[in-house]
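Just below is one structure, and these are the notes that go with it.
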Amino acid sequence: MTIEVKKVSKNIYEIPKTSGMKVPGIVYASKKLIEKMKQDKSLEQVMNVAHLPGIIDKSIGLADAHQGYGFPIGGVAAFDMDSGVISPGGVGYDINCSVRLLKTNLTKQDILKKQKEVADQLSRKIPSGVGRGSNFQISKDKFKKVLEKGVPFIVEEGYGKKEDYKHMEEEGCLKGADSSKVSKRAMKRGLGQLGTLGAGNHFLDVHYVDEIFDEKVANAFGLKKDQVTIMIHCGSRGFGHQVASDYIKAMENEYGFKDLPDRELINAPIKSKLGQDYYNAMACAVNFAFVNKQIITHWVREEMKYMFPDVKIDVVYDVCHNIAKFEEFEINGKMQKVCVHRKGATRSFGPGRKEIPLAYRKVGQPVFIPGSMGTPSYVLVGTKKSEELTWGSSVHGAGRKKSRNKAMKEMSGEEVKEMMKKKGIELRASGGYKLISQEAPYAYKDIEDVVDVVHDLDISKRVARLKPMVVCIG
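Sequential numbering of the sequence shown, starting at 625, is according to this note's numbering.
This is the structure:
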């Protein structure tokens, strides 16, 4: 399918409205990244999203966009609360797949002295891999409280401290969660998976701060050169997948998809009972993911304390990727509540927003862009400009450019392991090394290209670069 893409200005491209599109598509990317998007269906998906009822202003593709389910991964759209819809395809199956950054009082040299031990201990302690169950046990009643009350509840149970959730998006609990809207099958799948990384591109990395680009903001975030940080990337596991599956099927049965450009864009009106039920269940999966990372954080603290008795570990921030949320933006001179879908996208609010923790409110919200396995990750800060251009959103990573099957054909898992070793990185794959080439650096776009676009457009601004020393994956 040939899609017309017009250059508007540097790093901004438009897919003009055609028959059925209610708004144009806008893609924030370089020419190089646009050409990569033409190799899959991501631009077509940006166009398809523009057909949905109640969409406001534009359908957005970000610099890391690649083909996803319904929406592109790296897609953003906002919907009117009265006439708009909520779509599981605009959230994704791994609801609240997200990133948490921890800061420590350790230095790069501290880790280098015990690099193998750190890799071994963390990979042993944190369960990861396909279908891997957890060492964490919880009753059904308490599990429901996890889903409805999120991190504040699990902190009361002894897993962390209040300061942790004060430095998370939504303070670690998305309001509106109702466990009665979750199926028995989803509950069963979720019960044994809290405190697990999962597989695929989920990871736990130990980094050091390689470079500071903005001293003022870095100081506000508590980051300095050569400081050790720990990044956790995981989501809602089989629980979130089941919630998505259940409501996709329910929406298909209730509304059908004959009027949709793509059946994967199945949806329900926001105001409908089914739309509200999905939101209530989705919020449970969001809270599951927050708590999942909180339990992992607790175990990371225990293991690091064992190796470094004087270590101190604090949460910098925890940002959501796959989510639909009700947020307020200025539209035609008035503040208006809308339903923002972020699929493989990060919230990027600028200074002054009440949703940002008090400690960061003067500078803006932390934004994390993980690199591919073995490449640098970035800390950025949100901006006012993002609220004008992208509904307060930024990219969430480098963005895949090769399918997992193609990536595996280029290099074996053992070759990838050796490549990482030459870079001075200790790699641990609890599921074995056969599949790790799926996540090798060559399978992803260049993180520098993606960061350059959002920085140049002022969607989010560079603060610090992190380089990996230990990588633990499923």
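Quick reminder that beta carbons are idealized off the backbone N, C-alpha and C, glycines included. In this text, all values refer to a predicted model and were calculated from it rather than measured experimentally.
Proximity below 8 Å, CB of residue i to CB of residue j
i	j	result
isoleucine 750	isoleucine 920	yes
valine 940	histidine 826	no
phenylalanine 837	valine 1074	no
valine 962	methionine 705	yes
cysteine 908	glutamate 793	no
glycine 822	phenylalanine 760	no
alanine 913	glycine 988	no
histidine 922	glycine 784	yes
glycine 727	threonine 853	Before going on, a small fix: residue 727 reads as lysine here, not glycine. Yes; because the gap between Cβ atoms is below 8 Å, this pair is in contact.
glycine 974	lysine 949	no
glutamine 851	threonine 731	yes
alanine 689	glycine 678	no
lysine 768	serine 803	yes
valine 670	valine 651	yes
serine 1017	tyrosine 1068	no
glycine 741	methionine 931	It should be noted that the sequence gives glutamate, not glycine, for residue 741. Yes, they are a contact pair.
Per DSSP, cross-strand counterpart(s) of residue i
i	result
lysine 739	This sequence places glutamine at residue 739; lysine is not what is there. Partner(s): none; glutamine 739 has no beta bridge.
serine 609	This structure cannot settle anything about residue 609, because the visible part of the chain is limited to 625 through 1098.
valine 700	Ile684, Arg966
valine 939	Leu726
phenylalanine 950	Cys963
Secondary structure of residue i, DSSP reduced to three states
i	result
leucine 889	helix
methionine 931	helix
serine 763	coil
serine 996	coil
asparagine 729	strand
cysteine 721	coil
methionine 792	coil
leucine 1004	strand
arginine 977	coil
leucine 771	helix
leucine 667	helix
cysteine 797	coil
alanine 689	strand
isoleucine 750	coil
proline 1092	strand
tyrosine 984	helix
serine 1027	coil
proline 990	strand
isoleucine 778	helix
glycine 824	coil
beta-carbon residue i near the ligand FMN non-hydrogen atom, thresh 7 Å
i	result
asparagine 825	No copy of the ligand FMN occurs in the structure displayed, which carries no ligand at all.
Mind pulling the alpha helix (DSSP H) runs of 4 or more residues that sit fully within the stretch 834–905? The qualifying runs are 839–845, 861–879.
Sequence ranges, beta strand (DSSP E) only - wholly within the stretch 1032–1077, length at least 3: 1050–1053
Segment contact, 8 Å Cβ cut-off, at least three pairs: the stretch 1003–1021 with the stretch 1075–1085: Contact between the stretch 1003–1021 and the stretch 1075–1085 is present, because at least three Cβ pairs lie under 8 Å.
Counting Cβ pairs closer than 8 Å, one from the stretch 869–883 and one from the stretch 898–905, do we hit at least three? yes
Examine the Cβ distances between the stretch 632–641 and the stretch 653–660 and report whether three or more of them are shorter than 8 Å. Yes, since at least three Cβ pairs between the stretch 632–641 and the stretch 653–660 fall closer than 8 Å, the two stretches touch.
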